[in-house]
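All remarks here apply to the structure that follows.
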Amino acid sequence: QQQVKQSPQSLIVQKGGISIINCAYENTAFDYFPWYQQFPGKGPALLIAIRPDVSEKKEGRFTISFNKSAKQFSLHIMDSQPGDSATYFCAATYREYGGSQGNLIFGKGTKLSVKP
Amino acid sequence: NAGVTQTPKFQVLKTGQSMTLQCAQDMNHEYMSWYRQDPGMGLRLIHYSVGAGITDQGEVPNGYNVSRSTTEDFPLRLLSAAPSQTSVYFCASSYSPSGAPETQYFGPGTRLLVL
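For the record, the sequence lines run as chains A and B. Our numbering runs 34 ahead of the 1-based position in the first sequence. Our numbering runs 68 ahead of the 1-based position in the second sequence.
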């Protein structure tokens with residue numbers, strides 16, 4: 035119930051295309067869903083995040099779509115560029131009673147390659 | 069601010085050796101954590117700390133020890149290295165435990181090879 039399932043494992047997209055990465059979860063207590071971007075040889079960095087009170091959040095070319103009833107959320111990268119080539123991780127977390135804890139549960143990652 | 073720093077960047081150990089991976093942050097973050105990253109496995113939490121003097125186990129704690137004597141430092145100790153501990157290790161910190169609305173900031177990683 036603590037898992038976050040991410041797909042696909044790898045994705046190849048042409049420059050200018052739309053990249054879509056999907057994640058699903060079981061724990062309905064999750065209340066924060068970030069996406070992290072990791073370039074080779076670097077640590078992950080927060081890309082964009084959403085809370086379940088909204089169905090969509092957009093920042094530039096990056097959009098999170100959230101479906102609370104289906105317990106799914108996805109990352110859309112519009113007009114994908116070669117510079118977007120990286121590994122993307124979805125994650126989820128929640129605050130336990132009393133406000134403590136809140137460790138991130140990560141998906142297994144999607145390696146995105148954008149071909150010029 | 070240097071953010072989250074990790075040393076060393078790369079280390080080779082022989083089976084049975086011990087070593088300490090260093091992690092430091094200069095953002096006065098209360099929450100710090102250690103993850104390991106293996107191909108196809110994502111990021112798995114090893115240990116975490118919600119403040120100086122407080123540590124707890126994550127998903128894969130066996131073979132690792134941590135301590136948190138100061139807010140800034142959170143070293144990870146491998147007691148007796150095994151080939152299964154070959155991995156890339158990331159330290160992260162955030163202002164609040166959930167990283168929400170605050171971000172979890174990751175260090176650049178330590179690549180460990182155990183022969």
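Using N, Cα and C, we set each Cβ at its ideal position, and we do this for glycine too. Remember, predicted model here, so these are calculated numbers, not experimental data.
Please report how far the alpha carbon of A/Lys76 lies from the alpha carbon of A/Gln115, in whole angstroms.
Spanning the two alpha carbons is a distance of roughly 19 Å.
According to DSSP, what are the bridge partners of A/Gln106?
Looking at the DSSP assignment, A/Gln106 forms a beta bridge with A/Ala58 and A/Asn101.
By a C-beta neighbour count over all protein chains shown, 10 Å radius and 16 as the cutoff for buried, is A/Phe73 buried or exposed?
Counting Cβ neighbours within 10 Å, A/Phe73 comes out exposed, since fewer than 16 surround it.
Quick check: what's the CA-CA separation for A/Gly143 versus A/Phe100?
Going from the Cα of A/Gly143 to the Cα of A/Phe100 covers about 18 Å.
Are B/Glu98 and B/Gly119 closer than 9 Å when you measure CB to CB?
Yes; because the gap between Cβ atoms is below 9 Å, this pair is in contact.
Please check the pair A/Ala120 and A/Gly141, which I expect to be a contact at CB under 8 Å, by giving their CB distance rounded to whole angstroms.
Wrong, their Cβ atoms sit about 14 Å apart, outside the cutoff.
Looking at C-alpha atoms only, which residue of A/His110, A/Asp118 and A/Ile55 is the closest neighbour of A/Pro150?
A/Pro150 has its Cα closest to that of A/Asp118, out of A/His110, A/Asp118 and A/Ile55.
Please work out which residues of its chain come closer than 7 Å, Cβ to Cβ, to B/Ser155, disregarding the five sequence neighbours upstream and downstream, and give them in chain order.
So the qualifying residues of the chain are Arg104, Gln105, Asp106 and Leu180.
Please determine if the region 82–89 of chain B and the region 120–129 of chain B are in contact, where contact requires at least 3 C-beta pairs separated by less than 8 Å.
Flag = no, the region 82–89 of chain B and the region 120–129 of chain B do not touch.
Are the beta-carbon atoms belonging to B/Gly177 and A/Phe123 less than 9 Å from one another?
Contact: no.
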